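Here's the structure, in structure tokens; my notes come after.
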Amino acid sequence: MKKVVSKIMLSTLLLSSFSTAAYADNPIIKDKFTGDPAALVQGDKVYLYAGHDEASAGGNFYFMPEWVIYSSTDMENWKQEGSLSVKDTFSWAREDAAWASQVIERDGTFYWYVATNNKDGSGYCIGVATSQSPTEGFKDALGKPLITNQMTTSNISWDDIDPTVLVDDDGQGYLYWGNSYPYYAKLKPNMIELDGDIQKVTINNLKGGFTEAPWIHKRNGKYYLSFAHNWPEGLAYAMSESPTGPWEYKGMLMDPFTSDPNDKNNSNTSHQSIINFKGKSYIIYHTAALPTGSSYRRSVSIDRLYYNPDGTIKKVVPTSTGLDGEGQKLQSYSFLDRYIRHYNNDARIDPLDVLNISNFDARWQIVPGLANSGEEYVSIQSVNKPGFYLRHSNNDLALVKNDGTDLFKADATFKKVPGLSDPNWASFQSYNFPNLYIKQKDYLLKLEQVNTEGDKENATFKMSEANVKDVQLNIDSLTLQQNDESSLSAVVLPSSVLNQKVTFTSSDPNVVSISNSTYNPEDGKTTVTIAAKSPGKADIIATTDEGQFADSATITVEKQMPTTIKDLKISVNNRKVLIEGYLTQKKGTDVAVRVTAPNGKLDYLDQITTEDDGKFSYVFTLSNHAAGKYDVSLGAADFSEIVNTSFQYKPGPQNQ
-4 MKKVVSKIML STLLLSSFST AAYADNPIIK DKFTGDPAAL VQGDKVYLYA GHDEASAGGN
56 FYFMPEWVIY SSTDMENWKQ EGSLSVKDTF SWAREDAAWA SQVIERDGTF YWYVATNNKD
116 GSGYCIGVAT SQSPTEGFKD ALGKPLITNQ MTTSNISWDD IDPTVLVDDD GQGYLYWGNS
176 YPYYAKLKPN MIELDGDIQK VTINNLKGGF TEAPWIHKRN GKYYLSFAHN WPEGLAYAMS
236 ESPTGPWEYK GMLMDPFTSD PNDKNNSNTS HQSIINFKGK SYIIYHTAAL PTGSSYRRSV
296 SIDRLYYNPD GTIKKVVPTS TGLDGEGQKL QSYSFLDRYI RHYNNDARID PLDVLNISNF
356 DARWQIVPGL ANSGEEYVSI QSVNKPGFYL RHSNNDLALV KNDGTDLFKA DATFKKVPGL
416 SDPNWASFQS YNFPNLYIKQ KDYLLKLEQV NTEGDKENAT FKMSEANVKD VQLNIDSLTL
476 QQNDESSLSA VVLPSSVLNQ KVTFTSSDPN VVSISNSTYN PEDGKTTVTI AAKSPGKADI
536 IATTDEGQFA DSATITVEKQ MPTTIKDLKI SVNNRKVLIE GYLTQKKGTD VAVRVTAPNG
596 KLDYLDQITT EDDGKFSYVF TLSNHAAGKY DVSLGAADFS EIVNTSFQYK PGPQNQ
């Protein structure tokens, strides 16, 4: 028996407006260069602290005279609250080294731990300032560094940087820091003195090397130490059951932005902050995405962070779209299985990669035109290479970093017009060469004239949403008998998304188990078979690989009732026999019948499958002409015993 409650399919598109101060797409701070972000959650507000990069364009080292403070109540709209000057706060520090920092609150006091450079030439060190406010009034708590370069054993002058702090549930405070070597020490309750010796952090099975930028956080009883990894820096992390270790390496959190440490268009460093705010997890990091951005002119960005069921962290792809931007895919009209993608900064049309379900290199953020922000003009920014746009040069299209010049803006701006081959699609006309269009030629993107029907087809593209917004199951609830099976399907929304992967889990596999899933690209459904194992209730949860959107259905399993036959009828007319009836509790069950003639010989044997309502029927002609009693036996796989009955046959055309 099965009871199904149908689900009404709903799809909601969330469009957020932009703040005038800072925007939810990346970078979130666009009016200045910022790096080494750290965030503090206080009730319904998040405070963001970052170093202010003031190096000149083309500069070859950091110039950071202050930290800046922002706040947000929704992670999307950010307001600058103030700043903290190195010179005005720490008299013993060089005024140009507002390096990585973190603010933490304890018992109403805010402690700002900072990395900076000692004036006495002894090297980089860690200081601490305190205030009763998260945004103002910070004063040097010690009048000297809390951690100096002489307190650790490394022979480099910059190993004592990048502080991160945790106050554990038992009230014990911990300070972690380091470059090349990770260190930690306990803090006294006053939070401005060490409580015991400095210890080195050991990360077991570390692949590659610890570089810098540790960040400590705790979730569901597990401790996470994320850090900058190798050079140029990516982000990696380790986990532990204790804040003092042992730590076990778990893998990469974010790939490096470049493989070339001298790349002038990307940041060769990484620095992260991980928080939970209003039930969602976020990673805050820096890139070089703004025009003229570099390793010394960085920009703070934010993306969602997701955990796997076992507590490990899903790898993060830095995006231009951030928390509320829209990613699009651009499908070729000429080759429907090909999409605009970038490869080694070449712009091409290629099939999607079935092994790379996210296909981030096929995602584009369509933004207002850099040279003309009118409604009909657009620029096309790579989602997974923030700050890089499709730009034409010598009639070729390539992915190029925005340098902020007027020429770049013009070369990277296009007029979006109805598709030249299909008005429901789109074509892209050059802003500064209006007689030329983006067109594919031998799978490469060119800027050329359109003269023939073939040219029009090659210059036509379909824009559709690439980012996952939701997932929906085909039912809300279902009642099964023990040992029954049923199918359950999920659809990722919108249907055009690139990553269709869905994972199914059961809240109680002992009640309801799940088979491996299958995906049908024709209807976009991912389907599993669920099996009722024992009486009870279990939720089947469908979760998207991208975004971890989830939907659930409640499955009730009832105790299996014996399967019996009801309304059994047998009629005979001139040797033609009809046997019909219903099985209780079952549909799609094989029912076998055996008919034995009066002389004891087999007259008829067959097997059929019951219909949805459990009905079965046999129509056959007796092979034996003898009058008398014909024995009938009916059986099914889960019958406790065979059902036996009989009918009388008399030759002649009468009904019996």
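The opening residue of the sequence shown carries number -4 in this note's numbering; numbering runs sequentially from there.
Every residue gets a Cβ at the ideal spot worked out from N, C-alpha and C, and that includes glycine.
In this text, all values refer to a predicted model and were calculated from it rather than measured experimentally.
Tell me the rounded alpha-carbon separation between residue 89 and residue 455. Approximately 57 angstroms, taken between the alpha carbons.
Between the C-alpha atoms of residue 207 and residue 95, what's the straight-line distance to the nearest angstrom? Their backbone Cα atoms lie some 10 angstroms apart in a straight line.
How many Å lie between residue 266 and residue 439 at the Cα? So the alpha carbons of these two residues sit roughly 36 angstroms apart.
For my contact list, residue 238 and residue 296 are in at a C-beta cut-off of 8 angstroms; report their separation, rounded to the angstrom. That pair is no contact at about 28 angstroms.
Alpha carbon of residue 603 to alpha carbon of residue 578, nearest angstrom: Their backbone Cα atoms lie some 12 angstroms apart in a straight line.
Unbroken beta strand (DSSP E) runs of length 3 or more, entirely within the stretch 228 to 270: which are they? Here the runs fully enclosed are 229 to 235, 242 to 249.
Report the three-state DSSP secondary structure of residue 220 (helix, strand or coil). Looking at residue 220 - three-state DSSP - the assignment turns out to be strand.
According to the neighbour-count rule (16 or more other Cβ atoms, all chains shown, within 10 Å of its Cβ), is residue 620 buried or exposed? Around the beta-carbon of residue 620, fewer than 16 other beta-carbon atoms lie within 10 Å, marking it exposed.
Assuming contact is defined by CB atoms lying nearer than 8 angstroms, are residue 373 and residue 434 in contact in what I supplied? Result no, Cβ atoms of residue 373 and residue 434 do not sit closer than 8 angstroms.
Mind listing, in chain order, the continuous alpha helix (DSSP H) runs of no fewer than 4 residues lying wholly within the stretch 375 to 442? Here the runs fully enclosed are 401 to 406.
For residue 310, which of helix, strand or coil comes out of DSSP? Three-state result, residue 310: coil.
List the whole-angstrom C-beta distance separating residue 33 from residue 41, where the pair is believed to meet the contact cut-off of C-beta under 8 angstroms. Actually they are not in contact, since the Cβ atoms of residue 33 and residue 41 sit about 11 angstroms apart, beyond 8 angstroms.
Do residue 169 and residue 198 come within 8 angstroms of each other at the CB atom, strictly closer than that value? Going by C-beta atoms, residue 198 is not nearer than 8 angstroms to residue 169.
Do residue 459 and residue 491 have their C-beta atoms within less than 8 angstroms of each other? The answer is yes: Cβ separation under 8 angstroms.
From the DSSP secondary-structure annotation, give me the bridge partner or partners of residue 639. In the DSSP assignment, the residues bridged to residue 639 are 628.
CB contact flag (residue 508, residue 528, <8 angstroms): Yes.
Buried or exposed: which applies to residue 541, given that a residue is buried once 16 or more other Cβ atoms fall within 10 Å of its Cβ? With 16 or more other Cβ atoms from the protein chains shown falling within 10 Å of its own Cβ, residue 541 counts as buried.
Measuring alpha carbon to alpha carbon, tell me which of 151, 431, 336, 107 ends up nearest residue 394. For the residues 151, 431, 336, 107, the minimum Cα distance to residue 394 belongs to 336.
According to DSSP, is residue 136 part of a helix, a strand, or is it coil? Taken through DSSP and simplified to helix, strand or coil, residue 136 comes out as coil.
Tell whether a beta-carbon distance below 8 angstroms holds between residue 334 and residue 323. The Cβ atoms of residue 334 and residue 323 do not sit closer than 8 angstroms to each other.
Given this structure, state the Cα-to-Cα distance separating residue 109 from residue 282, to the nearest angstrom. For residue 109 and residue 282, the distance between alpha carbons rounds to 21 angstroms.
Is the Cβ-Cβ distance between residue 62 and residue 50 less than 8 angstroms? Taking 8 angstroms as the Cβ cut-off, residue 62 and residue 50 do not qualify as a contacting pair.
Sequence-distant residues of the same chain with beta carbon closer than 7 angstroms to residue 59, five excluded per side: Hits under 7 angstroms: 46, 47, 48, 49, 91, 92, 93, 94.
Check the DSSP bridge columns for residue 510 and list the partner residues they point to. DSSP output for residue 510 lists no bridge partner at all.
Where residue 56 falls: helix, strand or coil (DSSP): In this structure, residue 56 counts as coil in the three-state DSSP scheme.
Cα-Cα, which of 640, 523, 569, 111 is closest to residue 625? Of the candidates 640, 523, 569, 111, the one whose C-alpha sits nearest the C-alpha of residue 625 is 640.
Suppose the cutoff is 7 angstroms on Cβ atoms and the five residues either side in sequence are ignored; what does the same chain contact list for residue 4 look like? In this prediction, residue 4 scores a pLDDT of 33, lower than 50, which makes its location untrustworthy; no coordinate-derived value is stated.
Using DSSP with H/G/I as helix, E/B as strand and the rest coil, what is residue 118? DSSP places residue 118 outside both helix and strand once states are collapsed to three, so it counts as coil.
Looking at the unbroken beta strand (DSSP E) that takes in residue 538, where does it start and where does it end? Counting along the chain, the beta strand (DSSP E) containing residue 538 begins and ends at 531 to 539.
In three-state terms, what does DSSP make of residue 564? Residue state, collapsed to three classes: strand.
Distance between residue 415 and residue 450 (C-alpha atoms, nearest Å): Approximately 9 angstroms, taken between the alpha carbons.
Let me check understanding here. Comparing Cα to Cα, which of 448, 293, 513, 488 lies closest to residue 499? In terms of Cα proximity to residue 499, the closest of 448, 293, 513, 488 is 513.
Take residue 125 as the anchor and find which of 143, 119, 103, 116 has the nearest alpha-carbon. Each of 143, 119, 103, 116 was checked against the Cα of residue 125, and the nearest Cα belongs to 103.
Locate the beta strand (DSSP E) running through residue 324, then write down its first and last residues. 323 to 327 is the span of the beta strand (DSSP E), which, as asked, contains residue 324.
CA-to-CA distance, residue 154 to residue 196, given in whole angstroms: Roughly 13 angstroms separates the two Cα atoms.
Along the chain, which unbroken stretches of the beta strand (DSSP E) at least 3 residues long are found entirely within the stretch 18 to 94? Runs of the beta strand (DSSP E) lying entirely within the stretch 18 to 94 and spanning at least 3 residues, in chain order: 28 to 37, 40 to 48, 61 to 67, 74 to 80.
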